[in-house]
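Report on one structure; see the data block that follows.
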DNA sequence: GATAAAGCCGAGTGAAACGGTAGGGATTAA
DNA sequence: TTAATCCCTACCGTTTCACTCGGCTTTATC
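Protein chains in written order, with this note's numbering: chain Y, 4 to 151; chain D, 4 to 151.
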C-alpha cells in the first residue's frame, strides 16, 4: 500500500505545469530542476501523461510541456491512472473482477470494495488546480514566516 | 497502491479463526487448507499476528491458533499493521514525517494526508467481526442460490 | 544553412521487495 | 515413545521499481 515515486513525481510535475498555465511551454529541464527530479526519469513520466492527453508538447528550441486543459478540470484520479496504469488496490475490485477466481467467497473483498470507493472519491474530487493553490498558499506562508 | 498478498492472506486467516472463535485452537494446516494458502507461507504471517498480540497459540498435538480477543474488538487496521508493518501510503504521513526532507514544500503531501486519513478511517472502523459476519452471510446466499 | 536546444523513443540495469520454499528444532497429547 | 503440532532461520527465484543511456527528430535562432 505504498505510493510509487512515479505517481508522486508525476503529480508534482503536473502541478508545476499548472503553476505556469497560460504562460507557454515549460521545458523538461525546468520542471526537473524545480522539483528535484532526474530529467531522464521525468521524461518517461511525461510521456505517460502525454499519451493520456493530460499534457501536450511543442518541439524544437523554445519547446516544452503544457497542460491540455485548465488545472481545475484535471482530476488527481486521471493523473494517477495515466502514471500508474490503475489505482485499484486489488484485482478483484473494478471492472475486471474475473481475475480473482474466488472473488465471491473471499472474506477480504468487501473491505477492498469499500476502501476502493473511498479512495476513488478522494482522488476524483481533488483536482490539480486545488493542489496547485494549496501549494502556492503554503509557499507564501513559509516565506512570511521566514521574514518575521 | 496495491494490496500485498501478505495483508490479504493474513486477513483471511484471521477471519477463519474468527469463525471458530470460542471453539478451541485451529491448526495451521486447517486454516491453510480452508483458505487455499501454502502452510509454510501462512506460518510466517501467523507469527507476525502472534507478535502483535492478535492471535495466540497452543503447542503440541491438538495445538493450534486462536484469537486473543473477540472478533468485534479487533480492527482491520491493527491486523494489517501487524502483517505489513505499516499502512502508511507514504513516508511523509504519520508519525515520522522527517523522513521526507522537503515534506513542507511537496505539492503532493496535502493529498496524501487526506487520503491517509480516509483510509485509516475505514480500516479503523471495520472489525474482523464484521468481515466474518459478511462472509458467513455471503456463503449462505450462495448456498441458497445453488439449491434453487 | 549550421547549430544548439528542446522533445521522442527503446533498451538496459542494479537493487529491493515480493511471494514462497526448505529443513530442522521444540513442545505436548495420546 | 510417537506423532502432530507450533517455532525459527535461512534461502531463492521472479518481478517490480527507480533510474540511466544513447541515439534520433524537430525547430528557433544566428
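Just so you know, even glycine gets a beta-carbon here, dropped at the ideal spot from N, CA and C.
Where does residue i sit, in a helix, a strand or coil, going by DSSP?
| i | result |
| --- | --- |
| residue 68 of chain Y | strand |
| residue 30 of chain Y | coil |
| residue 58 of chain D | strand |
| residue 63 of chain Y | coil |
| residue 92 of chain Y | coil |
| residue 115 of chain Y | helix |
| residue 143 of chain D | helix |
| residue 85 of chain Y | helix |
| residue 21 of chain D | helix |
| residue 51 of chain D | helix |
Compare the beta carbon distance of residue i and residue j with 7 Å and say whether it is the shorter of the two.
| i | j | result |
| --- | --- | --- |
| residue 86 of chain D | residue 110 of chain D | no |
| residue 17 of chain Y | residue 60 of chain Y | no |
| residue 40 of chain Y | residue 12 of chain Y | yes |
| residue 130 of chain Y | residue 78 of chain Y | yes |
| residue 33 of chain D | residue 42 of chain D | no |
| residue 6 of chain D | residue 98 of chain Y | no |
| residue 28 of chain D | residue 69 of chain D | yes |
Once the 5 residues before and after residue i are set aside, which same chain residues still bring their CB inside 7 Å of it?
| i | result |
| --- | --- |
| residue 80 of chain Y | 90, 123, 126 and 127 |
| residue 116 of chain D | 96 |
| residue 45 of chain D | 12, 16, 31, 34 and 35 |
| residue 118 of chain D | 92 |
May I have the straight-line CA-CA distance separating residue i from residue j, to the nearest angstrom?
| i | j | result |
| --- | --- | --- |
| residue 114 of chain Y | residue 8 of chain Y | 26 Å |
| residue 15 of chain D | residue 88 of chain Y | 27 Å |
| residue 47 of chain Y | residue 48 of chain D | 37 Å |
| residue 30 of chain Y | residue 103 of chain D | 26 Å |
| residue 67 of chain D | residue 10 of chain Y | 43 Å |
| residue 62 of chain D | residue 54 of chain D | 16 Å |
| residue 24 of chain D | residue 121 of chain Y | 30 Å |
| residue 19 of chain D | residue 38 of chain D | 8 Å |
| residue 64 of chain Y | residue 4 of chain D | 38 Å |
| residue 132 of chain D | residue 139 of chain D | 11 Å |
| residue 75 of chain Y | residue 22 of chain Y | 12 Å |
| residue 143 of chain D | residue 150 of chain D | 11 Å |
| residue 141 of chain Y | residue 146 of chain D | 56 Å |
| residue 84 of chain D | residue 26 of chain Y | 46 Å |
| residue 108 of chain D | residue 108 of chain Y | 45 Å |
| residue 137 of chain Y | residue 137 of chain D | 40 Å |
Identify the residues that DSSP records as bridge partners of residue i: which are they?
| i | result |
| --- | --- |
| residue 78 of chain D | D:130 |
Excluding the 5 residues preceding and the 5 following residue i in the sequence, name in chain order all residues of the same chain whose CB lies nearer than 8 Å to its CB.
| i | result |
| --- | --- |
| residue 148 of chain D | none |
To which residues of the same chain is residue i closer than 6 Å at the C-beta, ignoring the five residues directly before and after it?
| i | result |
| --- | --- |
| residue 72 of chain Y | none |
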